[in-house]
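**Student:** Sending over a structure as structure tokens; questions will come in a sec.
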Amino acid sequence: MAPAQLPRAFFERPVEEVAKDLVGAVLVHDGTSGLIVETESYHQSEAACHAHVGPTARNRVLFGPAGHVYVYLSYGIHSLVNLVTGPDGEAAAVLIRALEPLEGIELMRSRRGVDRLDELCSGPGKLTEALGIGLEFNGVELSDGPIGVFARDSEPEIVVSKRVGITKAVELPWRFSASGSRFVSRPRPPA
DNA sequence: CAGTGGATGCTCT
DNA sequence: GAGCATCCACTGT
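Pasting the structure below:
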């Protein structure tokens, strides 16, 4: 039986739960897809979240309804993709950090200019390049939109660790990875 | 394998 | 003007 696209209600839950449950789901865009093997959650209540300072021009999508896509430019170069979550009134999102490539692998290789399978999507900036997800997709809705997320068919074993690459609220254990996956962004997660 | 530094552009102070 | 939710190339073990 083919997996179903995740409904809005899936994203209208506390962001840590959504982030954990997204590991093993499938992200699809424009001829390519990958199994989500690493996520992080961000919530307005902690300083690492873009929404922490209140609504701005950049982060307004975070304050909108769950089930939409938040894309922003990191270090002037990389697009990073997030899925907006939480009950209405809470700004939160799940950062997709790594995928195991599934479909359209040759297309991913040409978009990335890289050959190795475990280098195609093993990082938040890499996977957006591999799937062709750019800033123009900021704010799109998941259901009926160009980007899809499909339910996992079994629950993977998940490793919880600290988030990576941030300087604020570094102690929170809000990173979720598929245990033993060789496609995660960093082989040795911080404790 | 670990550590360092440059690229690059937008957002917010 | 500072600071990035990153990646890659390069250095030295």
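Numbering (this note's numbering), first residue to last: 94 to 284. C-beta: ideal position from N, C-alpha, C; glycine also.
In whole angstroms, give me the CA-to-CA distance for L173 and F269.
**Tutor:** Roughly 17 Å between the two C-alpha positions.
**Student:** Can you confirm whether the stretch 231-245 touches the stretch 159-166 when touching is taken to mean that 3 or more C-beta pairs between the two stretches lie within less than 8 Å?
**Tutor:** Yes, the stretch 159-166 touches the stretch 231-245.
**Student:** Within this structure, are the beta carbons of G182 and V108 separated by less than 8 Å?
**Tutor:** No.
**Student:** For the stretch 255-267 and the stretch 125-141, state whether three or more C-beta atom pairs, one from each stretch, are separated by less than 8 Å.
**Tutor:** The stretch 255-267 is in contact with the stretch 125-141.
**Student:** Name the DSSP bridge partner or partners of L120?
**Tutor:** Beta-bridge pairing links L120 to G127 and V242.
**Student:** If you run the structure through DSSP and keep just helix, strand and coil, what is L235?
**Tutor:** If DSSP states are grouped into helix, strand and coil, L235 belongs with coil.
**Student:** Using beta-carbon positions only, say whether L195 and L128 come within less than 8 Å of one another.
**Tutor:** Their beta carbons are under 8 Å apart, which means L195 touches L128 by this criterion.
**Student:** Have a look at D123 and P148 and give me their C-alpha separation to the nearest angstrom.
**Tutor:** Each residue's alpha carbon lies about 30 Å from the other.
**Student:** Can you name the residues that DSSP bridges to T132?
**Tutor:** DSSP output for T132 lists I189 and F269 as bridge partner(s).
**Student:** With DSSP as the reference, identify every bridge partner of I251, one or two as the case may be.
**Tutor:** Answer is A271, bridged to I251.
**Student:** Would you report the Cα separation of P96 and L120, rounded to the nearest angstrom?
**Tutor:** Taking the straight line joining both Cα atoms gives about 12 Å.
**Student:** What's the gap between the Cα of K219 and the Cα of G117?
**Tutor:** Distance between the alpha carbons of K219 and G117: 18 Å.
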